[in-house]
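So the structure is just underneath, and the comments pick up after that.
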Amino acid sequence: MPANHPSASLLIRFSRSTPLSGAAVRLLSAILFACCGLSQAAEPQILDLWPSTPPGPAAKVDGVERDLTKPEDKLIAGRKIIKLGHVSTPQMHVYLPDKAKANGCAVLVCPGGGFSILAWDLEGTEVAEWLNSIGFAAIVVKYRVPTREHGDTLNESGNAPMKAVGPVMDAQRAMSMTRAHAAEWGIDPMRIGIMGFSAGGETAGLTTILRDARLYSKTDAADEQSCAPNFALPIYPAGFYDKDSDALKTYLKITKDTPPMFFVMAQDDRVNSLNCTSLYIALTKAQVPAELHLFPHGGHGYGLRRTEMPITRWTDLAAEWLNPYAKP
23 MPANHPSASL LIRFSRSTPL SGAAVRLLSA ILFACCGLSQ AAEPQILDLW PSTPPGPAAK
83 VDGVERDLTK PEDKLIAGRK IIKLGHVSTP QMHVYLPDKA KANGCAVLVC PGGGFSILAW
143 DLEGTEVAEW LNSIGFAAIV VKYRVPTREH GDTLNESGNA PMKAVGPVMD AQRAMSMTRA
203 HAAEWGIDPM RIGIMGFSAG GETAGLTTIL RDARLYSKTD AADEQSCAPN FALPIYPAGF
263 YDKDSDALKT YLKITKDTPP MFFVMAQDDR VNSLNCTSLY IALTKAQVPA ELHLFPHGGH
323 GYGLRRTEMP ITRWTDLAAE WLNPYAKP
């Protein structure tokens, strides 16, 4: 396992009788990481997505943004996850790779959480670390939650369910802002994709299918940039399959111009794997390049954390699929 893999960890224990300042802890941590040959993820650049109140349906927050993880919550690969809730100020957290590795390509990352919370580390910051390790810039989208109560009724344009409208607006805005900052961040504006997990996979998929059909009126100069991803990786996504018609939901309009996609899912996922297969079939019929990896076992919500399950090695497959985008 590479030392900078998200699964790598280092336990630093300090005596309770010797309190240390925050600066001292950071210094000692840096020394220990250096001595052990480990690398720390660079601190991200954080930008608010909107100059004022975000357009569209607001998150139904209760108090301040906070971690909603409970002691009894199940572990993923032996570790807890950060469940970030009550997000009313959408942001983009920009993680740039080491300049020696940077390939000029970027991927927006949309954590999952059922449009109720964001699995912030499992499907956000840990994904950014992995992307940086293979030379990609990563922009973790802290989209507004909870929005689940807005339901599955479609918006006025009939192209997105209301629960996803706010998150998709945030993702579209993040895509335009990334292109607006492309030169500053060393990114090729024609090589910017989007990845998402579970509800974040639905957000990523919708953002990709909509392409430049922006769900909000342009806000400023950044929105003169395209909000269309160049490729997408919906990982165990929800929201695409209509069980009543046993087909892809009709508002998802796939054409030959829909960007290429890469899917991973398990047949025993509690979120129906037909969410992947129905979209994959539609892409194939439209002659859009697509790659689907469907495993018999694996469940839901594993992120990048490796276990004995073969599906948890999906990043090897994804890295290979992403390789052409790493080249100008």
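If you read the sequence shown in this note's numbering, its first letter stands for residue 23, the second for the next number, and so on.
Yeah, the Cβ is synthetic: ideal placement off N, Cα and C, and Gly gets one too.
Values in this document were obtained by computation on a predicted structure and should not be read as measured data.
Which same chain residues, not among the five before or five after Asp143, have their C-beta less than 7 Å away from its C-beta? Ile103 and Ile104
When the Cα atoms are used, what is the spatial distance from Arg233 to Pro350? 22 Å
Please give me, in chain order, every unbroken run of the alpha helix (DSSP H) with length at least 4 that falls completely inside the region 181-237. 184-202, 204-207 and 221-232
Using 8 Å as the threshold, is the C-beta distance between Val163 and Cys132 below it? yes
May I ask you to report which of helix, strand or coil DSSP gives Cys298? helix
Rounded separation between Ala52 and Leu69 - CA only: Note on Ala52: pLDDT 42, under 50, position unreliable in the model; the coordinate value appears next. Approximately 26 Å between the Cα atoms of the pair.
C-beta atoms of Leu301 and Leu270 nearer than 8 Å: yes
Leaving aside the five residues before and after Lys214 along the sequence, list all residues of the same chain whose C-beta is less than 8 Å from its C-beta, in chain order. Lys is not the amino acid found at residue 214; the sequence shown has Ile there. Contacts found: Cys127, Ala128, Val129, Leu130, Met197, Thr200, Arg201, Ala204, Pro251 and Asn252.
Beta-bridge pairing of Gly107 - partner residues as DSSP gives them: Arg88
So, for Ser110: in the same chain, excluding its five sequence neighbours on each side, which residues have a beta-carbon less than 6 Å away from its beta-carbon? Ala81 and Val83
Cα-Cα separation, Leu228 to Ala182: 7 Å
If you draw a straight line from the C-alpha of Val286 to the C-alpha of Gly135, how long is it? 17 Å
Pro332: buried (16+ other C-beta within 10 angstroms of its C-beta) or exposed? exposed
I'd like to check one pair, Ala159 with Ile209: are the Cβ atoms closer than 8 Å? yes
Out of Ser295, Ala304, Pro282 and Gly173, which has the shortest C-alpha to C-alpha gap to Ile216? Pro282
According to DSSP, residues forming a beta bridge with Leu140: Leu106
Nearest-angstrom beta carbon gap, Thr277 and Ala308 [assumed within contact, 8 Å]: 6 Å
Asn26 to Glu148, Cα distance in whole Å? Because Asn26 sits at a pLDDT of 41, beneath the cut-off of 50, its placement in the model cannot be relied upon, and the following sentence gives the value as read from the coordinates. Distance between the alpha carbons of Asn26 and Glu148: 10 Å.
Please report the Cβ distance between Gly173 and Tyr273, rounded to the nearest whole angstrom; I am assuming they are in contact, meaning their Cβ atoms lie under 8 Å. In fact, because the Cβ distance is near 14 Å, the residues do not count as touching under 8 Å.
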